[in-house]
Every structure is written in C-alpha cells, then in structure tokens.
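**Student:** Mind the numbering: the sequence shown is residues -21 to -1, 1 to 148 in mature numbering (1 follows the signal peptide of the UniProt record, and there is no 0), read in order.
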Amino acid sequence: MMSAHLRIAPLLFAVPLAACAAGSGSYPSLAIRDAERVGGSLETPTPEAPPAQPAPPSADLLARLGQLQSQAASAHQAFLAAVPATRRAVRAASGAGIASDRYASAQVALADLDSHRSRAAIALGDLDLLFADAALSFELRAPIVETRADVTAMIAQEDAVLAELRGAI
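#1: Report the partner residues of A34 according to the DSSP bridge assignment.
#2: Going by C-alpha to C-alpha distance, which of H95, A14, A10 and F117 sits closest to A31?
#3: Here's the rule I'm using: 16 or more other beta-carbon atoms within 10 Å means buried, otherwise exposed. How should R96 be labelled?
#4: Compare the C-alpha of A132 against each of L103, I11, I148 and L92 and name the closest.
#5: Considering only residues of the same chain and omitting the five flanking positions on each side of A85, which have a CB-CB separation below 6 Å?
#6: Nearest to residue 149 by alpha carbon, out of Q136, A128 and L141?
#7: Please work out which residues of its chain come closer than 8 Å, Cβ to Cβ, to F110, disregarding the five sequence neighbours upstream and downstream, and give them in chain order.
#8: Return yes when the Cβ of A99 is within less than 8 Å of the Cβ of V130, no when it is not.
#9: Judging by CA-CA distance, which residue of D105, A54, A75 and R81 is the nearest neighbour of S94?
#10: In terms of alpha-carbon separation, which member of A83, G45 and L89 lies closest to P36?
#11: If the criterion is Cβ atoms closer than 8 Å, does the pair L89 and R145 meet it?
#12: Can you tell me the Cα-Cα spacing of A28 and D112, whole angstroms?
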C-alpha cells in the first residue's frame, strides 16, 4: 500500500510543474515608450507670498497675563508661607497612628497647601485657555508661553514639596 503512494507522489509534483514551463516567447519590450519620453518645457513656479505673521498680542491680553501671573505668584507666596507650619505638623505626625490628632492635623495642613496649589493651577488653566484662543485667532503666543512657563515652574516646585511632605507622613 505504501509503495503505491510512493509511485504516485512524483506524478503529483510533475503535473503542476509542467504548467509553469510553457512560454510564448513574446515578452513586452523594456524600451522607453513615447509617453515616457521627456518633452515640453518646465515652467518656473511663481514665488509665493511670504507667510502671514501672527498678530501682536492685544493690550487686554497683556493685562490679563499680568493679572494671572500675579494671581499665581500670590498663591505661590501663600503656599511657601504655609510650608513651615505644615512641615512641623508632618514631623509631629510621623509615626503616629491614623486615628491620632497629630495625624489629622498634618492632613489638614497638607490640605491647606493643596488649596494654595489649586489657586495657582487655576491661573495655569486660564493661561491654557488664552493660549488656545490665541492659536485659533492667529495671534502671537510667545507672551502666553513665557507666563505659562513661569506658572508651571511654581506649580512644579509646589508639587515637589507636597510629594516630599506626603512621603514623610
């Protein structure tokens, strides 16, 4: 039975190979066709108009940026003023149980710091809205970016202090 299968197997492979071997001898030419030849002349493109420049920031925008900067700076100063008392409360609460008064006092002090940070973050959110509005109306955004960078640096400093104090409790 096995030898019959072995005799038929070469025939099964030979039949499909025979179909691939036939050739007609008429292959398409690889020469360049008329449509592929370069012809005509190239036109020089007309110079484009210079790109439009964004409009300068308005006086109202600059006043609003100053207001947001001072709002964030005020919140940051309040944050920095509250840090020493919070450090004392956290130091007093380290090692204390969750149900202790010292732990609760430290949590309240941390919440106070969070509220000062949130006031600075509100200014950052308003700056983000101003940036989006300036982008949509094609106004110069550099003053917004600078003010936003200052406020972001303040918030990053506050975040670092909060992370340190939360890790110590």
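Built from N, CA and C at the ideal position, the CB exists for glycine as well.
**Tutor:** Quick answer:
#1: A34 pairs with E118.
#2: F117
#3: buried
#4: L103
#5: A68, V69, A72 and I148
#6: Past the boundaries of the shown model lies residue 149; the chain is included only from -21 to 148, so the question cannot be answered.
#7: R120, I123, V124 and R127
#8: yes
#9: A54
#10: P36 has its Cα closest to that of G45, out of A83, G45 and L89.
#11: If you check the CB distance, L89 and R145 come in under 8 Å.
#12: A direct Cα-to-Cα measurement between A28 and D112 gives close to 26 Å.
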